[in-house]
Amino acid sequence: MVLPSLLEMLLTCVNVSDLWYSGAPTLKEKKSKSIIHPFAVKSYNGLAINPYQGCGHRCAYCYATYEWSPEFYDKIYAKSNAPEVLDRQLAAWKSDTIDPVMVASATDAYQPAELRFELTRKCVQVLQKYNAPYIMFTKSAIIERDLELHRQYKHNCFVIWSITTCNEMIRRVVEPGTPPAGRMFEVIKKFTDAGVCCGVNIDPIIPLVTDTDEDLETVVRSCKEAGLRYVFGAVLRLRTDIWERMKLALRLLEIADGIEKYKQIYKFEEPRDANYVAADRKYVEKIIRNLEDRIKSYGMECGFPDYMISRRIDKSCLGQTTLHSYLV
Ligand code: SF4
263 MVLPSLLEML LTCVNVSDLW YSGAPTLKEK KSKSIIHPFA VKSYNGLAIN
313 PYQGCGHRCA YCYATYEWSP EFYDKIYAKS NAPEVLDRQL AAWKSDTIDP
363 VMVASATDAY QPAELRFELT RKCVQVLQKY NAPYIMFTKS AIIERDLELH
413 RQYKHNCFVI WSITTCNEMI RRVVEPGTPP AGRMFEVIKK FTDAGVCCGV
463 NIDPIIPLVT DTDEDLETVV RSCKEAGLRY VFGAVLRLRT DIWERMKLAL
513 RLLEIADGIE KYKQIYKFEE PRDANYVAAD RKYVEKIIRN LEDRIKSYGM
563 ECGFPDYMIS RRIDKSCLGQ TTLHSYLV
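Shown next as C-alpha cells:
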C-alpha cells in the first residue's frame, strides 16, 4: 500500500500553519548552571537530567511542552556545558548514595541533535564514572551508536523506549519526528541480544487512535519478538495545550466525531482549564487490564527491574592523578 505523504494529508484537512510545529528545528547552544535535579512523577521519585531543551520528535501529545516555550518543537537548545556541570555536581554530591537518574525527563536525549552535540553520550560517561544508576528514556534509534557504552554498564542501567504505535500512518501524524516502530524494535533487539535490560513504555495509549486490541497486540507481540522482559503503558492525559494539538491530530487522522467522543471519554466541555484531565476511570481500567493481560500472556512483566535502586556514589575518580596533571 502506498501511504499518502504527510503534506498531502495536511492539505486536505488542516492548514500547515495550524500545526504544532513548523519546518526543521533550528539548533542552538546554551550554558546551564545546573543539570541534575530531583524529579517526581506518579510513582517515580528520583533524579533527572536533560541535556537538551526542546525536542525535534514533535509528538502531539508531549507532556513536556507546558513548562517551556511554544517553540519547544522548533528551537532545540543543546546545553553545551552539561557534561562538565554534571561532573561538578556529582563531585560535590553531599550524600553517600545516589538515586537512579532519569535521562531524560523533559526532552528526548537521543533526538537528532545528539548526532551533532553528543551531550547525552558524554553525560552518560559522567554518570558511569560516579557509579550512578540511570534509566534511559528514548523514542529514537540513534541510541544504537552508544550500544557498547550502555552494554558495559548493564548492571546499573535500564533502557526504555517509548513506543505508541506500529501503524506508520498514525506515527507520521502524531509523532512525525520519530523513527518508525520497526526501526526501533531492530535496535531494541540488538540491545537485548547484548544483555542490556530494556523495556517499552506504551505511553500514551491514545483513545480512538491506538487503543484497539489489534494496536495493543501488535506492539506487545513486537516487544516479545525483540526479546524484551519489561513492558508497561498508560492512557493519554489531556491538558489545554495537548488537547489543542490532539484536536488537529484527530482531524488529520479523520477520526469520525473524534472531538465529541473525546469530550465524552474525558468528560469535559470547552473551554477547558489548564490542569491535567484523565480519561474516564472505567475506560482506563479496561485498556490497562487488556494491556497487562497481553504482556503477561507473552511471559513478560509490567514493571521495572529490581536492581534499579540507589547506589553508593563512587568518587574514587577524584583522587586519581594522571600523567597529564604532572605535565601541566
Ligand atoms: S520524544 Fe518525548 S519529549 Fe520529545 S516530543 Fe515526543 S514526548 Fe515530547
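In this text, residue positions in the sequence shown follow our numbering: the first is 263, and each later residue adds one.
Every residue gets a Cβ at the ideal spot worked out from N, C-alpha and C, and that includes glycine.
Quick caveat, the model's predicted, so the values are computed rather than measured.
Using a 10 Å radius around the Cβ and a threshold of 16 neighbouring Cβ atoms, would you call residue i buried or exposed?
i	result
Glu-376	buried
Asp-555	exposed
Ala-518	exposed
Ser-587	In this prediction, Ser-587 has a pLDDT of 47, which is less than 50 and means its spatial position is unreliable; what the coordinates show is noted afterwards. The residue is exposed, with fewer than 16 neighbouring Cβ atoms inside 10 Å.
Glu-580	The question names Glu, but residue 580 in the sequence shown is Leu. Leu-580 is exposed by the Cβ-count criterion.
Val-590	With a pLDDT of 39 at Val-590, under the threshold of 50, the modelled position of this residue cannot be trusted, and the question is left open.
Thr-369	buried
Asn-429	buried
Ser-284	exposed
His-299	exposed
Asn-277	exposed
Val-386	buried
Thr-472	buried
Ala-354	exposed
Asp-475	exposed
Ile-571	exposed
Asp-601	Because the chain is modelled from 263 through 590, residue 601 falls outside the range shown and cannot be assessed.
Asp-280	exposed
Ser-445	Here residue 445 turns out to be Arg, not Ser, going by the sequence shown. Exposed is the call here.
Hey, would you say residue i sits closer than 8 angstroms to residue j, going by beta carbons?
i	j	result
His-319	Gln-373	yes
Ile-521	Lys-509	yes
Ile-468	Thr-426	yes
Lys-341	Pro-287	no
Thr-359	Arg-507	no
Asn-418	Pro-441	no
Ser-305	Gln-351	no
Gly-495	Lys-451	no
Phe-447	Ser-484	yes
Val-436	Tyr-323	yes
Val-481	Val-458	no
Gly-242	Met-364	What the structure shows of the chain is the stretch from 263 to 590, and residue 242 is not part of that stretch, so it cannot be assessed.
Trp-505	Arg-543	no
Tyr-392	Lys-577	yes
Asp-361	Val-388	no
Arg-413	Ala-344	no
Leu-470	Lys-548	no
Ile-432	Leu-515	yes
Starting from the C-beta of residue i, find all residues in its chain whose C-beta is less than 6 angstroms away, skip the five residues before and the five after it, and write them out in chain order.
i	result
Tyr-492	Gly-461, Glu-563
Tyr-538	Arg-499, Arg-501
Leu-585	Since pLDDT at Leu-585 reaches only 48, below the 50 mark, its modelled position is unreliable, and the value read off the structure follows with that caveat. None.
Pro-438	Arg-320
Glu-291	Ala-340, Ser-342
Ala-443	Ile-425, Cys-428
Asp-408	Arg-383
Val-546	Val-497
Glu-333	none
Tyr-335	Tyr-283, Arg-320
Can you list, in chain order, the residues of its chain whose CB lies under 8 angstroms from that of residue i, leaving out five sequence neighbours each side?
i	result
Ala-366	Ala-310, Ile-311, Asn-312, Pro-313, Tyr-314, Thr-382, Phe-399
Ile-404	Tyr-372, Gln-373, Pro-374, Glu-376, Leu-377
Asn-552	Asp-475, Leu-478
Val-303	Ser-367
Glu-532	Lys-525
Gly-561	Lys-486
Ser-357	Ile-575
Tyr-325	Arg-499, Arg-501, Ile-504
What does residue i pair with, by DSSP beta-bridge criteria?
i	result
Asn-307	Ala-302
Arg-383	The partner list for Arg-383 (beta bridge, DSSP) is empty, contrary to what the question assumes.
Glu-563	Tyr-492
Lys-337	Thr-288
Tyr-396	Val-363, Cys-419
Leu-500	Val-539
Arg-574	Thr-359
Gln-373	According to DSSP, which records beta bridges pairwise, Gln-373 is partnered with nothing at all.
Gln-315	Tyr-339
Taking 7 angstroms as the limit between beta carbons, can you name the residues of its chain near residue i, skipping five residues before and five after?
i	result
Phe-530	Val-539
Phe-301	Gly-308, Leu-309, Ala-310, Met-364, Ser-367
Arg-454	Note on residue identity: the sequence assigns Thr, not Arg, to residue 454. Around Thr-454: Cys-460, Ala-488, Gly-489, Leu-490.
Pro-466	Tyr-323, Thr-426, Ala-496, Val-497, Leu-498
Secondary structure, alpha helix (DSSP H): runs of 4+ residues fully inside the segment 403-484: Runs found: 409-413, 430-436, 443-455.
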